[in-house]
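J.:
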Amino acid sequence: MKLITAIIKPFKLDEVKATLEHAGVTGITVSEASGYGRQRGHTEVYRGAEYRIDLVPKVRLELVVRDEVVDDVIDRIVEAAHTDRIGDGKIWVTSLDDVIRVRTGERGIDAI
Amino acid sequence: MTVNSGDTAWVIMSGALVLLMTPGLALFYGGMVRAKSVINMMLMSLISITVVSVLWALFGYSLAFGHGSQWLGPLHLGGLGDLVRTLTDNGGTQPVPALAFAMFQLTFAIVTVALVSGAIADRARFAAWTVFAALWCTIVYLPVAHWVFDLGQVTAGRVTGEGVLAAHGLLDFAGGTAVEVNAGIAGLALAIVLGPRVGFRREPMRPHSIPLVVIGVGLLWFGWFGFNAGSALGANGLAAVVLLNTQLAGAAGIGGWLLVERWRDGRPTGLGAASGAVAGLVAITPACGYITPTASLAVGAVAGVLSAFAIGLKYRFAVDDSLDLVGVHFVGGVWGTLAIGLFATRVVNPAGGDGLFHGGGTGLLGHQAVGVLAVLAYSFVATTLIARLIDRTIGFRIPRDAEVEGVDFTEHAETAYELDTRTGSGSFLAGHHTPGGRA
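Residue numbers (our numbering), protein chains in the order written: chain H, 672 to 783; chain X, 468 to 906.
1) Under 8 angstroms between C-beta atoms, does Y717 of chain H make it to chain X?
2) Looking only at its chain, what residues have a beta carbon closer than 7 angstroms to the beta carbon of T877 of chain X, apart from the 5 residues adjacent to it on each side?
3) Determine the closest residue to L616 of chain H out of H:V740, H:A720, H:E750, with distance taken between C-alpha atoms.
4) Out of curiosity, what's the CA-to-CA distance linking Q710 of chain H and G758 of chain H?
5) Would DSSP call D639 of chain X helix, strand or coil?
6) Along the chain, where does the alpha helix (DSSP H) that runs through V478 of chain X open and close?
7) From this set, X:K503, X:V871, X:G830, X:D791, which residue's C-alpha is nearest L886 of chain X's C-alpha?
8) So with CB distances below 8 angstroms, who are the chain X contacts of Y707 of chain H?
9) Going by Cα to Cα distance, which pick from X:G819, X:L547, X:I751, X:N816 is closest to V798 of chain X?
10) Please go through the same chain and pick out, in chain order, the residues whose beta-carbon is closer than 6 angstroms to the beta-carbon of W614 of chain X, but skip the five residues on each side of it.
11) So L661 of chain X and F863 of chain X are supposed to be a Cβ contact under 8 angstroms. How far apart are they, rounded?
12) Alpha carbon to alpha carbon, how far is A906 of chain X from L513 of chain X?
13) Taking the beta strand (DSSP E) that E715 of chain H falls in, what are its first and last residues?
14) Pick out the complete alpha helix (DSSP H) segments inside the region 552-594 of chain X, 4 residues or longer, and give them in chain order.
15) Could you tell me whether the region 643-658 of chain X touches the region 582-596 of chain X, using the rule of 3 or more Cβ pairs below 8 angstroms?
16) What first and last residue would you give for the beta strand (DSSP E) that runs through V518 of chain X?
17) Using DSSP with H/G/I as helix, E/B as strand and the rest coil, what is T775 of chain H?
18) On a CA-only basis, which of X:D617, X:A483, X:H796 is nearest P541 of chain X? Give me that one, please.
19) How about P663 of chain X: is its C-beta nearer than 8 angstroms to some C-beta of chain H?
20) Tell me whether the beta-carbon of T605 of chain X lies closer than 8 angstroms to the beta-carbon of L711 of chain X.
21) According to DSSP, simplified to helix, strand and coil, what is E885 of chain X?
22) Note down, in chain order, all residues in the region 718-750 of chain H with a beta-carbon under 7 angstroms from any beta-carbon belonging to chain X.
23) I'd like to check one pair, F694 of chain X with V485 of chain X: are the Cβ atoms closer than 8 angstroms?
24) Going by DSSP in three states, E721 of chain H sits in which element: helix, strand or coil?
25) Residues of the region 780-792 of chain X in Cβ contact with chain H at a cutoff of 7 angstroms, in chain order, please.
26) Given that I778 of chain X touches chain H, what residues does it touch there, using C-beta distances under 8 angstroms?
27) Can you give me the Cβ contacts of T850 of chain X inside the same chain, cut-off strictly under 7 angstroms, excluding the 5 residues immediately before and after it?
28) Listing by chain order, which chain H residues have their CB less than 8 angstroms from the CB of R855 of chain X?
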């Protein structure tokens, strides 16, 4: 079992969500995030002053999947979130010890 | 002079219109600050209504409009009450009861004091602001209003005892100097004494609600018709010209400001449109009773352009004049007051003058410049002293951690927007009360 965390551009959420449904992913958690990577921030002009904005708005997706589908899911996210412009985001994968479904108490793969 | 019903009705109505400007200003300012400072910003305007109204009844009207010296009226405690004797014949130059005039002018004093608060958004102790409002109204606004607005009394067919700037030849129809230059430069002085906000020149500090700003500017604009056209102190042709001039300058102000933004920044903004309207309305305030409608378009448009450029100066000089008192009110007030020296014509107002463009030479322009400089210098020095005194004694700023958390919660135990709908964040302590609010 793996936790896949993906940081993507906010306007790509629709496409990523659609492709994950086709991959048989049963659930995702989405939250708004902000931060910077190698792109750093951007400059902004407002009311006669120029600012460097360090923290850029992003969307963070978290999903728990079986080991077999990890590569497929990653490929799909990369394909859907890709714009070839700076700041497309990042994906990382974390191994999980256990997963529990609160309603039934099922554990492990059955709980995904 | 004997009063009549038509003129009286208009001045009474105008007093109500101008009072609406202060809650309007609260919305205008409240929208421009960040979400953590809205209550504080609005309360600084609302408390000005209380402070100035009380002072006005006790001695304010007497000091500003009582006939004493050219510099200040007499200190006549409770003088407002005596005016009930002059309801039908006021002995002055206006055909309205003295009490109607006193109410009308009270609303000017309120909104002028409230205006100053825009310079110190996010960081002032509410108690300190309240004390400042009382001292500033008494020491700065009342004398300056006397210099500019006291048009004297009629004795044996002659006008005598005008305020010193009015007597010197300054033309200021509704308060370009006494209200706009005065509040604008006071804002600068206050911002210098308090120092910049945490994060000034580092974070954009964008306004949290442009819709509030637009509602506020709508109320301000509506009230401004009373401010300017009410200053004709009669329901007459002059009031009609002033009403139209006010409208045209506000409209042109939006256009001027948005053109600058389009050219300089690439895109016109909502805050720019609202600010442009105010810049145009500020600039026409002194000039509205002396110039033609066409000239009003020019005055408003130039005000929008000048102010749109001027608001960038605070970053260069590192003075956190938070809501642009200098850029909008000071610059607009100076421009509008000087513009009288260019555009004024006796065709519009025989009691006015002729400016440079109407064959009047540069004399009037000189009188206008003296008026601006006198108000600017007195207001800046006196405001600095008052603000320093308050800062040294009771302290003017909230602590840094309170400012970062938000002045609304730390000063008022309130937040403008309670958006958290989760349950289970606390529990009720029956009957328990912690003095001072937060436990």
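Glycine is no exception: its CB is placed at the ideal position from the N, C-alpha and C atoms.
T.: In short:
1) For the purposes of this step, residue 717 of chain H is taken as the residue at position 46 of the first sequence. Taking Cβ atoms only, chain X reaches closer than 8 angstroms to Y717 of chain H, which makes this a yes.
2) Within the second sequence, the letter at position 410 stands for residue 877 of chain X. Cβ neighbours of T877 of chain X beyond the five flanking positions: I865, A869.
3) Coverage of chain H is limited to positions 672 through 783, which leaves residue 616 of chain H absent and any answer about it impossible.
4) Start at 1 with the first residue of the first sequence, and residue 710 of chain H comes out as number 39. Start at 1 with the first residue of the first sequence, and residue 758 of chain H comes out as number 87. Computed Cα separation, rounded: 6 angstroms.
5) Counted from its first residue, the second sequence places residue 639 of chain X at position 172. D639 of chain X sits in coil when the DSSP states are folded into three classes, being neither helix nor strand.
6) Position 11 of the second sequence, counting from 1, holds the residue named residue 478 of chain X. Bounds of the alpha helix (DSSP H) holding V478 of chain X are 472-499.
7) In the second sequence, the residue the question calls residue 886 of chain X occupies position 419. Closest option to L886 of chain X, Cα to Cα, is X:K503.
8) Taking the first residue of the first sequence as 1, we reach residue 707 of chain H at position 36. Going along chain X, no residue has its Cβ under 8 angstroms from Y707 of chain H, so there is no contact; the nearest lies around 15 angstroms.
9) On the second sequence, residue 798 of chain X is found 331 positions in, with the first residue counted as 1. Closest by alpha carbon: X:I751.
10) Walking along the second sequence from the start, residue 614 of chain X turns up at place 147. Within the same chain, W614 of chain X has close Cβ partners G630, V631, L632.
11) Position 194 of the second sequence, counting from 1, holds the residue named residue 661 of chain X. Position 396 of the second sequence, counting from 1, holds the residue named residue 863 of chain X. The pair is a contact, with the Cβ atoms about 6 angstroms apart (cut-off 8 angstroms).
12) Residue numbering aside, residue 906 of chain X sits at position 439 when the second sequence is read from its first letter. Residue numbering aside, residue 513 of chain X sits at position 46 when the second sequence is read from its first letter. Unreliable placement is indicated for A906 of chain X, whose pLDDT of 42 sits below 50; the coordinate value is still reported in the next sentence. The alpha-carbon separation between A906 of chain X and L513 of chain X amounts to approximately 27 angstroms.
13) As a position in the first sequence, residue 715 of chain H is number 44, starting the count at 1. DSSP places E715 of chain H in the uninterrupted beta strand (DSSP E) bounded by 713-717.
14) Under the rule that a run must span 4 or more residues, the alpha helix (DSSP H) segments found entirely inside the region 552-594 of chain X read 565-583.
15) By the Cβ criterion, the region 643-658 of chain X is in contact with the region 582-596 of chain X, since at least three pairs of Cβ atoms, one from each stretch, lie closer than 8 angstroms.
16) Taking the first residue of the second sequence as position 1, residue 518 of chain X is located at position 51. Careful: V518 of chain X lies outside any beta strand (DSSP E), inside the alpha helix (DSSP H) at 505-522.
17) Indexing the first sequence from 1 puts residue 775 of chain H at position 104. DSSP places T775 of chain H in coil when its eight states are reduced to three.
18) Locating residue 541 of chain X in the second sequence gives position 74, counting from the first residue. When each option's Cα is compared against that of P541 of chain X, the closest is X:D617.
19) Counting from one through the second sequence, the residue named residue 663 of chain X turns up at place 196. Judged by the 8 angstroms Cβ criterion, P663 of chain X is not in contact with chain H.
20) Taking the second sequence and counting its residues from 1, one reaches residue 605 of chain X at position 138. Taking the second sequence and counting its residues from 1, one reaches residue 711 of chain X at position 244. Remark: C-beta atoms of T605 of chain X and L711 of chain X do not approach each other more closely than 8 angstroms.
21) Residue mapping note: residue 885 of chain X aligns to position 418 of the second sequence, counting from 1. Coil.
22) Within the region 718-750 of chain H, the residues whose Cβ lies closer than 7 angstroms to some Cβ of chain X are R718, G719, A720, Y722, listed in chain order.
23) Within the second sequence, residue 485 of chain X is the residue found at index 18, counting from 1. Within the second sequence, residue 694 of chain X is the residue found at index 227, counting from 1. Pairing V485 of chain X with F694 of chain X gives a Cβ-Cβ distance under 8 angstroms.
24) As a working mapping, residue 721 of chain H is identified with position 50 in the first sequence. Three-state DSSP puts E721 of chain H in a strand.
25) Per Cβ criterion, the list reads Y782.
26) Walking along the second sequence from the start, residue 778 of chain X turns up at place 311. Within chain H, the residues near I778 of chain X are R718, G719.
27) For the purposes of this step, residue 850 of chain X is taken as the residue at position 383 of the second sequence. Here the set comprises W603, V607, A653, A656, L657.
28) What you label residue 855 of chain X is simply residue 388 of the second sequence in a count that begins at 1. For R855 of chain X, no chain H residue has a C-beta closer than 8 angstroms to its own C-beta; the minimum C-beta separation is roughly 28 angstroms.
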